[in-house]
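Q: To convert a position in the sequence shown, counted from 1, into this note's numbering, add 1. Yeah, the Cβ is synthetic: ideal placement off N, Cα and C, and Gly gets one too.
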Amino acid sequence: MRNREIFMHRAIELARQGMNQGAGGPFGAVVVRDGVIVGEGWNRVIGTNDPTAHGEVTAIRDACAKLGTFSLAGCEIHSTGQPCPMCLGAIHWARIERIYYGFRIEDAAAIGFDDTEFYRQMNLPLEQRMIRSEELCRVEALELADEYTRLPGKQHY
Numbered sequence: 002m003r004n005r006e007i008f009m010h011r012a013i014e015l016a017r018q019g020m021n022q023g024a025g026g027p028f029g030a031v032v033v034r035d036g037v038i039v040g041e042g043w044n045r046v047i048g049t050n051d052p053t054a055h056g057e058v059t060a061i062r063d064a065c066a067k068l069g070t071f072s073l074a075g076c077e078i079h080s081t082g083q084p085c086p087m088c089l090g091a092i093h094w095a096r097i098e099r100i101y102y103g104f105r106i107e108d109a110a111a112i113g114f115d116d117t118e119f120y121r122q123m124n125l126p127l128e129q130r131m132i133r134s135e136e137l138c139r140v141e142a143l144e145l146a147d148e149y150t151r152l153p154g155k156q157h158y
């Protein structure tokens, strides 16, 4: 068995354990750097009442905590399912360089985890989206952004 398959099997094992304990759906993930697992996670949405506690996000949080960094550049993630839009965003923000996944978005939809509407909504103009958004206190918010640009020693991410 190749290393990547070993990593995916670990993600599947984590997902199965969490799922059977009632923590959430069949989603597990591991973050790998240089052939070593540096972070593990599984879906904990139900167990923690946290809609952001997807398998990929919990694995990213674990890896960042263990490595003491917010950048996972040089890492890859192995996930039981193709990442949803939120997880994909987290993977990008973490600077993970490669994604391996087990089942596809349409497979997840077939068992009740349908992300297709989220993807569709993101492609619509703001005024056509289901969740309305509107600019508010722009001047004050821009002042805050300007304050940030002047902070000494800030670390970009």
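Just to confirm, are residue 48 and residue 24 a CB contact at a threshold of 8 Å?
A: As a position in the sequence shown, residue 48 is number 47, starting the count at 1. As a position in the sequence shown, residue 24 is number 23, starting the count at 1. Yes, these two residues count as a Cβ contact at 8 Å.
Q: According to DSSP, is residue 55 helix, strand or coil?
A: The count along the sequence shown starts at 1 and reaches residue 55 at position 54. It is coil, neither helix nor strand.
Q: Can you find at least 3 beta carbon pairs, one from the region 57-75 and one from the region 32-43, that sit closer than 8 Å?
A: Result yes; three or more Cβ-Cβ pairs closer than 8 Å.
Q: Tell me whether residue 8 sits in a helix, a strand or coil according to DSSP, three-state version.
A: Within the sequence shown, numbered from 1, the residue matching residue 8 stands at position 7. Correct three-state label for residue 8: helix.
Q: For residue 10 and residue 123, I'd like the C-alpha separation in whole angstroms.
A: Position 9 of the sequence shown holds residue 10. Position 122 of the sequence shown holds residue 123. Going by the C-alpha atoms only, they are around 32 Å apart.
Q: Tell me which same chain residues have a C-beta within less than 6 Å of the C-beta of residue 97, skipping the five on either side of it?
A: By one-based count along the sequence shown, residue 97 stands at place 96. Counting only Cβ-Cβ distances below 6 Å, and skipping sequence neighbours, we find 73, 76 and 78.
Q: Consult DSSP for residue 99 and reduce its assignment to one of helix, strand or coil.
A: Counted from its first residue, the sequence shown places residue 99 at position 98. Correct three-state label for residue 99: strand.
Q: Whole angstroms are fine: how far does the CA of residue 45 sit from the CA of residue 65?
A: Against the sequence shown, residue 65 aligns to sequence position 64. Against the sequence shown, residue 45 aligns to sequence position 44. About 18 Å.
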